[in-house]
Every structure is written in C-alpha cells, then in structure tokens.
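Reading through the structure tokens given below for one structure.
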Ligand code: NAD
Ligand code: IPM
Ligand code: MN
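Numbering (my numbering), first residue to last: 13 to 365.
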C-alpha cells in the first residue's frame with residue numbers, strides 16, 4: 013500500500029525515538045512492499061523557536077493531508093517558564109483537537125521477561141493486560157483558563173456527546189475482550205464526574221446491556237492498579253485521570269519508555285505517540301528506550317492502515333528482543349547489560365520477520 017504520514021519529532025528524546033521508529037517502518041516497508049511517504053514537520057518547542065507557534069500552519073496542513081500522524085514528544089526546561097506566553101504542550105493539545113482524535117488508546121501489556129524491571133512484585137504482575145481508553149479532547153485540559161495576580165482557574169467541562177462517544181469506543185472494545193468495562197471518575201466530589209457516571213450508566217444500559225460495567229473512584233483505582241492490576245481489563249476515563257493513571261500503569265510494564273498510544277476519532281486517520289515525554293534528563297545521550305515509539309507505529313499499521321501482519325511482526329520483534337535480554341538502561345534491571353536507543357532498534361529490526 014501507499015500512505016502519507018506526517019512526522020512531528022518535537023523536542024528532547026522525541027526526535028531520537030522518531031528516527032528509530034521510522035527505521036523500523038522502513039524495514040517493514042521493504043519487507044512487505046509498502047510505500048510510506050513521510051513529511052517531517054515542526055511541533056512544540058522546536059516550532060516555537062522557529063516560528064513562535066507550537067503548532068504552525070504548515071504542520072496543521074501536513075497533518076490534514078496525511079493518512080496518519082506520528083509524534084515524538086514535546087517540551088523541556090527551555091520553554092518551561094511559568095510566565096512564558098506560549099508553551100510546547102499547547103502544540104500537542106492543538107494537534108489533538110485539530111485532528112479530533114478524542115479516543116486515546118493506551119495498552120498496558122507486560123512482557124513476562126520484563127517483570128524484573130518493574131518495581132512491583134512479580135506475583136502481582138502475572139496476566140496483566142489492560143487497555144486504558146482516555147478521553148483526549150475535553151475536560152479540564154480544554155476548558156477556559158484564567159489567571160491574574162491573585163487568582164487562577166481551569167474549567168473542567170464535559171458535554172453529553174463527548175462522554176457518550178468515548179464510552180461507546182470503550183464498550184465496543186470491552187465486547188471484543190472480556191466483556192468487562194471499568195469507568196473511572198471522582199463522582200463523590202466532581203459534578204463533571206457525576207455527569208460522566210450518569211451518561212455512562214444510560215449509554216451502557218441502552219446500547220451495551222451485555223457488557224458488565226463497574227464504576228470506580230480514581231483515588232481507589234490508583235491504589236488497585238498497584239495492588240491487583242491483573243483484575244483490570246478495559247478502563248475508560250476522562251482526560252486528566254487517564255493521563256495520570258497511565259503514567260502510573262507504565263511502571264507495571266517496567267518503564268514509561270515501553271508504552272505506546274493511538275488516538276482516534278471518527279475516521280481512520282490516527283495520531284500515534286509514545287506516552288512518555290521529552291525526557292530532558294536523558295535527551296541527546298542516545299539512552300532513550302524506543303519501544304514505546306516503535307510499538308505506537310505497530311498500532312498505526314493496524315488501526316489506520318489495516319496491516320495486521322506487519323503490526324504483529326513489529327510487536328513480536330519487540331518481545332523477542334526483550335526476551336533475548338537486550339535492554340535500554342530504563343529496563344535493564346540488575347541482570348542485564350544495557351544498550352542504547354540505536355542498538356535496541358537494530359536488535360528489533362534484526363528480529364523482524
Ligand atoms: P517524561 O516522560 O519526559 O520523563 C519522566 C521520566 O521517565 C524521566 O526520568 C525520563 O528520563 C524517563 N523516560 C521517559 N521516556 C523515556 C524513554 N523513552 N526511555 C527511557 N526513559 C524515559 O516526563 P517529565 O520529565 O515529567 O516531562 C518532561 C517534559 O516532557 C515536560 O515538558 C512535559 O510537559 C513533556 N511531556 C510531553 C509529553 C508528550 O509530548 N507527549 C508527554 C509527557 C510529558
Ligand atoms: C501525555 C502528556 C500530555 C498530556 C502533555 C504533554 C500535554 O503528558 O501525552 O500524556 O497531558 O496529555
Ligand atoms: Mn502524560
């Protein structure tokens with residue numbers, strides 16, 4: 013097949029993991045006879061430096077023309093002054109809103125050989141296979157913000173249709189898996205959460221009577237995720253809770269650097285990004301784990317292009333690389349020598365077949 017991909021490397025380790033992800037994509041294209049045309053564009057801090065805008069018009073236009081978008085990461089100390097007029101992270105939010113990708117799919121799967129890399133005891137990790145569906149274009153991230161010398165506010169808003177459509181995505185997925193959905197909210201305190209729960213109950217009753225629905229408060233969910241992670245299957249939650257819970261859940265898998273994500277709306281054009289950030293502490297040193305990016309590209313092949321075999325081949329290559337003991341520093345643990353971003357990718361490409 014032929015496809016046009018907008019590639020937004022961003023800042024810090026973003027460009028490092030993007031380069032490696034694209035090497036894997038090239039290897040897949042060669043092996044399976046596909047043509048992926050990539051158009052590299054500015055976003056985040058790099059875009060602020062070049063244009064003053066974290067999501068410039070050229071980037072927006074390239075994304076609109078593309079069949080899928082790959083994003084590295086944005087942000088860093090250079091642009092983190094709390095009084096700066098514009099921030100790199102605004103670029104990501106504008107991108108997500110512009111593409112209308114309201115459903116952020118974050119799988120948390122544990123490769124057995126990596127249980128030693130997690131700070132959680134191995135007996136809790138057996139069978140962990142969770143998919144978090146995070147609402148991505150609403151909530152407190154996108155409500156009105158105010159600030160003056162003595163007061164600041166962020167408004168959290170959800171509209172009925174925004175809750176309904178994300179619950180549908182999650183419930184459909186639950187139907188393909190264990191028939192079980194856990195919705196996370198803070199309905200004991202927040203009005204938006206009581207609304208979320210009410211709309212969820214109605215939508216599930218009317219449209220998904222066969223799916224078992226459980227409601228859980230976010231503080232308890234944060235605890236249960238550590239204590240009994242294997243009991244979760246599909247989790248659905250609002251934007252900020254999903255952000256926080258998936259960073260927490262990444263430690264089940266051993267590292268932030270392992271987790272991929274896909275964001276989809278009503279079309280097949282998806283946005284694919286690892287869940288981690290620009291990791292300023294290790295940027296420029298060739299240490300970043302590229303697996304989250306490479307696994308995000310596997311998600312792109314499956315979800316935007318329908319290339320299931322190619323996607324599975326990448327996932328299998330990541331698994332066998334890890335099983336062979338090849339690790340970046342973040343997942344090396346005590347028993348394994350570590351390699352770098354490039355070495356890890358070389359090993360994955362070698363195992364691609
Ligand atoms: P971070 O995710 O960048 O890093 C957190 C920790 O995880 C660091 O110790 C880092 O070294 C480690 N880490 C992250 N990715 C790794 C990888 N691939 N391999 C090995 N180790 C990895 O979070 P932070 O430090 O809180 O944020 C840094 C900047 O990144 C901030 O400006 C933040 O806004 C931004 N950020 C961007 C995104 C994104 O672009 N999607 C996501 C999260 C944070
Ligand atoms: C993520 C990041 C972003 C978010 C930031 C950088 C805007 O943390 O993708 O998880 O909070 O959504
Ligand atoms: Mn995050």
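Yeah, the Cβ is synthetic: ideal placement off N, Cα and C, and Gly gets one too.
Asked: Distance check for residue 43 and residue 229, CA to CA, integer angstroms please.; Found: 47 angstroms
Asked: Taking 8 angstroms as the threshold, find out whether the region 152-168 comes into contact with the region 115-131 through three or more Cβ pairs.; Found: no
Asked: Is the region 22-33 close to the region 288-295, with three or more CB pairs under 8 angstroms?; Found: yes
Asked: At which residue ranges does the region 282-344 contain complete alpha helix (DSSP H) runs of 4 or more residues, listed in the order of the chain?; Found: 303-315, 320-335
Asked: Please list, in chain order, all residues of the same chain as residue 168 whose beta carbon is under 6 angstroms from its beta carbon, the five residues on each side excluded.; Found: 151, 152, 155, 204
Asked: In whole angstroms, give me the CA-to-CA distance for residue 220 and residue 186.; Found: 10 angstroms
Asked: Does the region 176-183 come into contact with the region 124-134, if we say contact requires no fewer than three beta-carbon pairs (one atom in each stretch) closer than 8 angstroms?; Found: no
Asked: What is the rounded straight-line gap between the Cα of residue 349 and the Cα of residue 209?; Found: 47 angstroms
Asked: Going residue by residue through the region 94-121, where are the continuous beta strand (DSSP E) segments of at least 3 residues, counting only ones entirely within it?; Found: 115-121
Asked: Less than 6 angstroms separating the Cβ of residue 255 from some heavy atom of the ligand MN?; Found: yes
Asked: Do residue 101 and the ligand NAD come close, with the Cβ less than 6 angstroms from some heavy atom?; Found: yes
Asked: For residue 264, I'd like the list of residues in its chain whose CB is within less than 7 angstroms of its CB, leaving aside the five on either flank, ordered along the chain.; Found: 120, 122, 130, 132, 137, 140, 241
Asked: Residue 18 and residue 74 look like a contact to me (Cβ under 8 angstroms); what is the Cβ gap, rounded to whole Å?; Found: 5 angstroms
Asked: Based on Cα-Cα distance, which residue from 77, 106, 56 lies nearest to residue 89?; Found: 56
Asked: So is the beta-carbon of residue 360 under 6 angstroms away from any non-hydrogen atom of the ligand NAD?; Found: no
Asked: In this structure, does DSSP put residue 146 in helix, strand or coil?; Found: strand
Asked: Compare the C-alpha of residue 269 against each of 344, 302, 276, 253 and name the closest.; Found: 302
Asked: Between 261, 277, 276, which lies nearest to residue 235 when the distance is taken from Cα to Cα?; Found: 261
Asked: On a CA-only basis, which of 194, 323, 355 is nearest residue 337? Give me that one, please.; Found: 355
Asked: Flag residue 104 as yes when its Cβ comes closer than 6 angstroms to any non-hydrogen atom of the ligand IPM, and as no otherwise.; Found: yes
Asked: Assuming residue 18 is part of the beta strand (DSSP E), what are its boundary residues?; Found: 14-22
Asked: At a threshold of 6 angstroms, does residue 310 count as lining the ligand FMN (C-beta to nearest heavy atom)?; Found: What this structure holds is the ligand NAD, the ligand IPM and the ligand MN, not the ligand FMN.
Asked: Any heavy atom of the ligand NAD closer than 6 angstroms to the CB of residue 293?; Found: yes
Asked: Are residue 312 and residue 80 touching if we call contact CB-CB under 7 angstroms?; Found: yes
Asked: Which residues does DSSP pair with residue 165 in a beta bridge?; Found: 158
Asked: Compute the Euclidean distance between the alpha carbons of residue 76 and residue 128, then round it to the nearest angstrom.; Found: 42 angstroms
Asked: Is residue 188 helix, strand or coil by DSSP?; Found: helix
Asked: For the region 27-93, which segments carrying the beta strand (DSSP E) assignment without a break, of at least 3 residues, lie completely within its bounds, in sequence order?; Found: 47-52, 80-85
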